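To start, the structure under review is shown below, and the notes come after it.
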Amino acid sequence: MISDDYQMTIEGYPLLLYFCNIYYVDFLNFREGMYLRIIGVILIGLSAWAFSAIRPPPPKVCGSVGGPPITAPRIKLRDGRHLAYKEHGVPRTVAKYKIIYIHGFSNSRHDAAVGIFPSPGFLEELGVYVVSFDRPGYGESDPHRKRTVKSLALDVEELGDQLGLGPKFYVIGLSMGGQAVWGCLKYIPHRLAGASLLCPVINYWWPSFPANLSKEGFSSQLPEDQWTQRVAHHLPWLTYWWNTQKLFPALSILSGRHEILSSQDLEIIRSSQRPVDQNLAQQSYKHRKKMIDKNEYVKQQGEFESFHLDLMVGFGKWEFDPMLLENIFLKNEGSVHLWHGDDDKLVPVKLQRYIAQKLPWIHYHELPGAGHLFAFTRKMSEEILRSMLLQ
1 MISDDYQMTI
11 EGYPLLLYFC
21 NIYYVDFLNF
31 REGMYLRIIG
41 VILIGLSAWA
51 FSAIRPPPPK
61 VCGSVGGPPI
71 TAPRIKLRDG
81 RHLAYKEHGV
91 PRTVAKYKII
101 YIHGFSNSRH
111 DAAVGIFPSP
121 GFLEELGVYV
131 VSFDRPGYGE
141 SDPHRKRTVK
151 SLALDVEELG
161 DQLGLGPKFY
171 VIGLSMGGQA
181 VWGCLKYIPH
191 RLAGASLLCP
201 VINYWWPSFP
211 ANLSKEGFSS
221 QLPEDQWTQR
231 VAHHLPWLTY
241 WWNTQKLFPA
251 LSILSGRHEI
261 LSSQDLEIIR
271 SSQRPVDQNL
281 AQQSYKHRKK
291 MIDKNEYVKQ
301 QGEFESFHLD
311 LMVGFGKWEF
321 DPMLLENIFL
331 KNEGSVHLWH
341 GDDDKLVPVK
351 LQRYIAQKLP
361 WIHYHELPGA
371 GHLFAFTRKM
381 SEEILRSMLL
391 Q
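Everything in the sequence shown is counted per full-length UniProt numbering, starting at 1 for the first residue and increasing by one.
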């Protein structure tokens, strides 16, 4: 015979199990909910970190509160931006030849090879006027986050108009500035009296390059440069993060790797006595050295505005293929020149040779033993001008 207490226990057991199950399920739900909340908080934190890591900071615009001072003459473009410029050679009012010089990566208007290295007598004898300008985001030119190859060509045209250079002028671009000359040939051919591309940087994704040649040239670069260009081309929104993170090596030209310089380049660097701009000469030696030697001046408005956007535009998806351009000087009233050193370790010479074959109207000059900096000498800067202006 079962006691009443035991009978109550047996009869109440299902009820007890029911309540235990409810509490256990609630506990599991609570624990699951807690885990989900924790995971959610972690994901939100990681998302916020990732967003801040990939989002470039606002630019330090020259002349703004907290921004660098304005020391250069500037023009105001139609869209409200400003371009800082510097003049070399004879006054533009009496010049026979008027040239717009487009600087390269990590340079500025102070680095106009054909403006500062030829002798004053040479420029005066030929009647040469050169104006160099800070490309958008560099030096003292306003940043332009929407800039493209086309927008830079139109900036060049407007600079020529506002300075009164006449219906036609010459353009010379070095390295990344050489890429800009392709844009001028495409978008403002009617304004050009002649053009020279000095060791222009290659975009390895231009469609006309044979796949094997493009791959060979791309693979000849240092691994860090290959990855930087891949990111700029395929994942441009990661460009800022990639170039500021510390997990992987930085772009070689910014980290000062000597492997990217030829023996001639190193000799030019050692022997070059580049004139210091008069505006900078009035500042302390320490500050001037920091600005020039460490390229602080060129990126003073932000590395993203200058260096990173350069990579995104130069190695991004272009609106046209330079190797499909047609000769704009059908009556030989002008000429286009491409100069490249066969020991250039930054831009493979094989790809320039291919471009010259595809565009037979280009006057191709290959320099034995020369690297990437050949234009920064008196001899070569004068030869470049003679070839474009006199031949």
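Using N, Cα and C, we set each Cβ at its ideal position, and we do this for glycine too.
Values in this document were obtained by computation on a predicted structure and should not be read as measured data.
Alpha carbon of residue i to alpha carbon of residue j, nearest angstrom
{"i": "Glu-140", "j": "Asp-134", "result": "7 Å"}
{"i": "Arg-274", "j": "Val-298", "result": "Per-residue confidence for Arg-274 stands at a pLDDT of 48, beneath the threshold of 50, marking its modelled position as unreliable; the derived number appears in the next sentence. Straight-line Cα distance between these residues: approximately 16 Å."}
{"i": "Leu-311", "j": "Thr-71", "result": "27 Å"}
{"i": "Ser-151", "j": "Pro-136", "result": "10 Å"}
{"i": "Lys-286", "j": "Leu-126", "result": "Model confidence at Lys-286 stands at a pLDDT of 43, short of 50, so the residue's coordinates are unreliable and nothing is read from them."}
{"i": "Leu-389", "j": "Pro-360", "result": "19 Å"}
{"i": "Leu-43", "j": "Leu-266", "result": "In this prediction, Leu-43 scores a pLDDT of 48, lower than 50, which makes its location untrustworthy; no coordinate-derived value is stated."}
{"i": "Phe-248", "j": "Arg-353", "result": "33 Å"}
{"i": "Ser-263", "j": "Arg-145", "result": "36 Å"}
{"i": "Leu-324", "j": "Leu-197", "result": "16 Å"}
{"i": "Asn-212", "j": "Thr-228", "result": "20 Å"}
{"i": "Arg-109", "j": "Glu-296", "result": "14 Å"}
{"i": "Glu-303", "j": "Asn-332", "result": "42 Å"}
{"i": "Leu-254", "j": "Asp-225", "result": "10 Å"}
{"i": "Ile-188", "j": "Ala-195", "result": "12 Å"}
{"i": "Glu-383", "j": "Glu-124", "result": "15 Å"}
{"i": "Asp-111", "j": "Ser-271", "result": "16 Å"}
{"i": "Gly-256", "j": "Ser-106", "result": "12 Å"}
{"i": "Val-65", "j": "Trp-241", "result": "26 Å"}
Contact check, residue i vs residue j, beta carbons under 8 Å
{"i": "Tyr-97", "j": "Ser-132", "result": "no"}
{"i": "Glu-158", "j": "Arg-78", "result": "yes"}
{"i": "Leu-174", "j": "Ala-113", "result": "yes"}
{"i": "Gln-300", "j": "Pro-68", "result": "yes"}
{"i": "Leu-367", "j": "Ala-356", "result": "no"}
{"i": "Thr-93", "j": "Ile-268", "result": "no"}
{"i": "Asp-343", "j": "Ala-375", "result": "no"}
{"i": "Val-349", "j": "Arg-147", "result": "no"}
{"i": "Ile-362", "j": "Leu-238", "result": "no"}
{"i": "Ile-260", "j": "Lys-358", "result": "no"}
{"i": "Leu-351", "j": "Phe-209", "result": "yes"}
{"i": "Val-149", "j": "Gln-179", "result": "yes"}
{"i": "Val-128", "j": "Ala-95", "result": "yes"}
{"i": "Pro-236", "j": "Gly-316", "result": "yes"}
Unbroken alpha helix (DSSP H) run spanning residue i, endpoints
{"i": "Ser-132", "result": "Per DSSP, Ser-132 belongs to no alpha helix (DSSP H); it is in the beta strand (DSSP E), 128-133."}
{"i": "Trp-241", "result": "239-242"}
{"i": "Ile-268", "result": "263-271"}
{"i": "Val-94", "result": "Where Val-94 is concerned, there is no enclosing alpha helix (DSSP H), given that its DSSP letter is neither H nor E."}
{"i": "Lys-358", "result": "349-358"}
{"i": "Gly-217", "result": "211-219"}
{"i": "Lys-379", "result": "378-390"}
Boundaries (first-last residue) of the beta strand (DSSP E) holding residue i
{"i": "His-363", "result": "363-367"}
{"i": "His-337", "result": "336-341"}
{"i": "Gly-173", "result": "169-174"}
{"i": "Ser-196", "result": "192-198"}
{"i": "Lys-317", "result": "No beta strand (DSSP E) contains Lys-317, which DSSP labels as neither H nor E."}
{"i": "Arg-74", "result": "74-76"}
Close Cβ partners of residue i (< 8 Å) along its chain, the five nearest in sequence each way excluded
{"i": "Leu-192", "result": "Lys-168, Phe-169, Tyr-170, Val-171, Cys-184, Leu-185, Ile-328, Gly-334"}
{"i": "Pro-223", "result": "Pro-249"}
{"i": "Lys-60", "result": "Gly-66, Gly-67, Pro-68, Gln-300, Gln-301, Gly-302"}
Beta-carbon separation (whole angstroms), residue i vs residue j, contact threshold 8 Å
{"i": "Gly-341", "j": "His-308", "result": "Incorrect: roughly 27 Å between the Cβ atoms, too far for contact."}
{"i": "Val-347", "j": "Val-201", "result": "6 Å"}
{"i": "Asp-142", "j": "His-234", "result": "At roughly 28 Å, the Cβ-Cβ gap does not stay under 8 Å, so Asp-142 and His-234 are not in contact."}
{"i": "Trp-318", "j": "Asn-203", "result": "6 Å"}
{"i": "Phe-117", "j": "Ser-381", "result": "4 Å"}
Contacts around residue i, its chain only, beta-carbon distance under 7 Å, and the 5 residues preceding and following it disregarded
{"i": "Gly-115", "result": "His-88, Gly-89, Tyr-101, Val-130, Ser-132"}
{"i": "Ser-306", "result": "Gly-137, Tyr-138, Val-298, Lys-299"}
{"i": "Gln-162", "result": "Ile-75"}
{"i": "Phe-218", "result": "Tyr-204, Gln-226"}
Same chain, Cβ closer than 6 Å to residue i, neighbours up to 5 away in sequence not counted
{"i": "Ser-3", "result": "Because the pLDDT at Ser-3 is just 47, under 50, the model does not fix this residue reliably, and the value given afterwards should be weighed accordingly. The answer is none, since no qualifying residue turns up."}
{"i": "Gly-104", "result": "Leu-174, Ser-175, Met-176, Gly-177"}
{"i": "Pro-207", "result": "Asp-321"}
{"i": "Cys-62", "result": "Pro-68, Ile-70, Glu-140"}
Any chain D beta carbon closer than 8 Å to residue i
{"i": "His-363", "result": "Although the question refers to chain D, the structure presented lacks it and comprises just one protein chain."}
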